[in-house]
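This report concerns only the one structure given below.
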Amino acid sequence: HAKDQGRNNWQLYNRSLTAETMARIRLENDLRKGLERDEFRLLYQPQVRADDGTIVGLEALIRWQHPEHGVVSPAQFIPVAEDSGLIVAIGDWVLRTACRQLCSWQATGLETPRVAVNVSARQLRAHDFLGSVAAIIAETGIEPGQVELELTESILMEPEARRIDGFHRLRALGVHFSIDDFGTGYSSLSYVKRFPIGMLKIDQSFVRGLPGNADDAGITTAIIAMAHSLGLEVIAEGVETRAQLDFLRRANCQKIQGYLFSRPRPPDEVEQLLRQGSIRPPP
Ligand code: C2E
Ligand code: MG
Ligand code: MG
Ligand code: MG
Numbered sequence: 296h297a298k299d300q301g302r303n304n305w306q307l308y309n310r311s312l313t314a315e316t317m318a319r320i321r322l323e324n325d326l327r328k329g330l331e332r333d334e335f336r337l338l339y340q341p342q343v344r345a346d347d348g349t350i351v352g353l354e355a356l357i358r359w360q361h362p363e364h365g366v367v368s369p370a371q372f373i374p375v376a377e378d379s380g381l382i383v384a385i386g387d388w389v390l391r392t393a394c395r396q397l398c399s400w401q402a403t404g405l406e407t408p409r410v411a412v413n414v415s416a417r418q419l420r421a422h423d424f425l426g427s428v429a430a431i432i433a434e435t436g437i438e439p440g441q442v443e444l445e446l447t448e449s450i451l452m453e454p455e456a457r458r459i460d461g462f463h464r465l466r467a468l469g470v471h472f473s474i475d476d477f478g479t480g481y482s483s484l485s486y487v488k489r490f491p492i493g494m495l496k497i498d499q500s501f502v503r504g505l506p507g508n509a510d511d512a513g514i515t516t517a518i519i520a521m522a523h524s525l526g527l528e529v530i531a532e533g534v535e536t537r538a539q540l541d542f543l544r545r546a547n548c549q550k551i552q553g554y555l556f557s558r559p560r561p562p563d564e565v566e567q568l569l570r571q572g573s574i575r576p577p578p
């Protein structure tokens, strides 16, 4: 009987594996069509000054309006886009769309803060990423200083000399760089130093435990102190409560991003916030 059971398990496993593979292939095809059919859109989440809520940045976050499944979150499709290489085309679309959005706001006389765009490691490995960033900046006419690229620690861990050079050239143009989800990867500080990084983004997993969790409080305080002594700016991600904000203010964290101030929002709503210029946190 053990043998029968073993075979049944194998069949089950085999069947589910096939189903999973099929689902993945379907998702990949849908992603490709989604690009052609213009099913992606960007939301923008404000980044504010901790002391007075002035909007100092907007992070562009992609959403996929799937014709059958509704809104699909990036956590569900970015990994597949990375594996299939589609992230290269999607990444270009994201940067171009974000730059155009800023330019179109500016054309109406609105003052805009910089826009931050997420970059996957795969985008850098696949092609002349830094060249295409420069091309999109030139094509859209955006001021390079209004663009920030959010890198992951894994990107810094592949320190290819040519690439470091490319980053420095973009920085010389005015483009800003930050490290996303800081503290969750394995980046060594010596790598951080070799790239023209301007800001560390403290990962939400540390912010979540503030102010009560002693480890999270210690890590957060240490990252802020380290950032300052390296001459870097620091922003806390995922700030949801007044108590978290108060802790971060006392710890001298300059910038805040999180639901407490605003969720990621569509362009028309962001425009309203930009007209106000700042967001008051709930008391
Ligand atoms: P991320 O870059 O770390 O972005 C922050 C995520 O945290 C966003 O999730 C945002 O909606 C969410 N968030 C912001 N404030 C809060 C808060 O107060 N509480 C909680 N619980 N969450 C908060 P989202 O939009 O679902 O994006 C998830 C991840 O997908 C991003 O993490 C990023 O790694 C990736 N992603 C999003 N858009 C793009 C893109 O255009 N290109 C690439 N390569 N990756 C992207
Ligand atoms: Mg990010
Ligand atoms: Mg992050
Ligand atoms: Mg992330």
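Each residue of the sequence shown is one higher than the last, beginning at 296 in our numbering. Where a beta carbon is used, it is the ideal one built from N, C-alpha and C, also for glycine.
- Look at His463 here: in three-state DSSP terms it is helix.
- At the C-beta level, Leu397 and Gln441 come within 8 Å of one another.
- Distances taken from the Cβ of Glu528 to the heavy atoms of ligand 2 include none shorter than 7 Å.
- Counting only residues of its own chain and dropping the five nearest sequence neighbours on each side, Pro576 has a CB closer than 8 Å to the CB of Gly348, Arg537, Leu540, Leu555 and Phe556.
- Per the DSSP secondary-structure output, Ile551 pairs in a beta bridge with Val343 and Ala531.
- Ranked by Cα distance from Gln360, the options Glu331, Gly380 and Asp378 are led by Glu331.
- Scanning its chain for C-beta atoms nearer than 7 Å, with the 5 sequence neighbours on each side dropped, one finds around Thr479 the residues Asp498 and Ser500, in chain order.
- For Thr515, the closest C-alpha among the options Pro491, Asn547 and Ile373 is that of Asn547.
- Here Pro341 really is in contact with Leu353; their C-beta atoms are around 6 Å apart, less than 8 Å.
- The beta carbon of Asp387 sits closer than 7 Å to those of Ser427 and Ile431, all from its chain and outside the five residues before and after it, given in chain order.
- In this structure, the CA atom of Met452 is about 38 Å from the CA atom of Asp563.
- In terms of side-chain proximity, the C-beta atom of Glu532 is found nearer than 7 Å to a non-hydrogen atom of ligand 3.
- Per DSSP, Ala402 lies in no beta strand (DSSP E); the unbroken alpha helix (DSSP H) holding it starts and ends at Ile382 to Ala402.
- Taking a C-beta distance under 8 Å as the contact criterion, Gly436 and His471 do not qualify as a contact pair.
- Going by beta carbons, Glu448 and Ile474 fall inside the 8 Å limit.
- At the C-beta level, Arg560 and Tyr339 come within 8 Å of one another.
- For ligand 3, no non-hydrogen atom lies closer than 7 Å to the CB of Lys328.
- Exclusion of the five residues before and after Pro491 leaves Phe462, His463, Arg466 and Phe472 as the residues of its chain whose Cβ lies within less than 7 Å of its Cβ.
- For Gly348, the Cβ stays outside the 7 Å cut-off from all heavy atoms of ligand 1.
- Inclusion of Asp475 in the 7 Å shell around ligand 1 follows from its C-beta lying nearer than that to a non-hydrogen atom of the ligand.
- Ala370 has its CB nearer than 7 Å to a heavy atom of ligand 1.
- Between Val351 and Lys550, the beta carbon gap of about 6 Å places them in contact (Cβ cut-off 8 Å).
- Its chain contains Ile432, Leu468, Gly469 and Val470 as the residues whose beta carbon lies nearer than 6 Å to that of Pro439, once the 5 sequence neighbours on both sides are disregarded; these appear in chain order.
- According to DSSP, Ile474 shares a beta bridge with Leu446 and Leu495.
- Leaving aside the five residues that flank Arg544 on each side, the residues in its chain whose CB is nearer than 8 Å to its CB run, in chain order, Ala345 and Asp346.
- Separation of Val375 and Arg321 (C-alpha to C-alpha, rounded to the nearest whole angstrom) is 11 Å.
- The residue among Val487, Glu535, Arg489 and Ala520 with its C-alpha nearest the C-alpha of Pro506 is Glu535.
- The DSSP-derived three-state label of Phe372 is helix.
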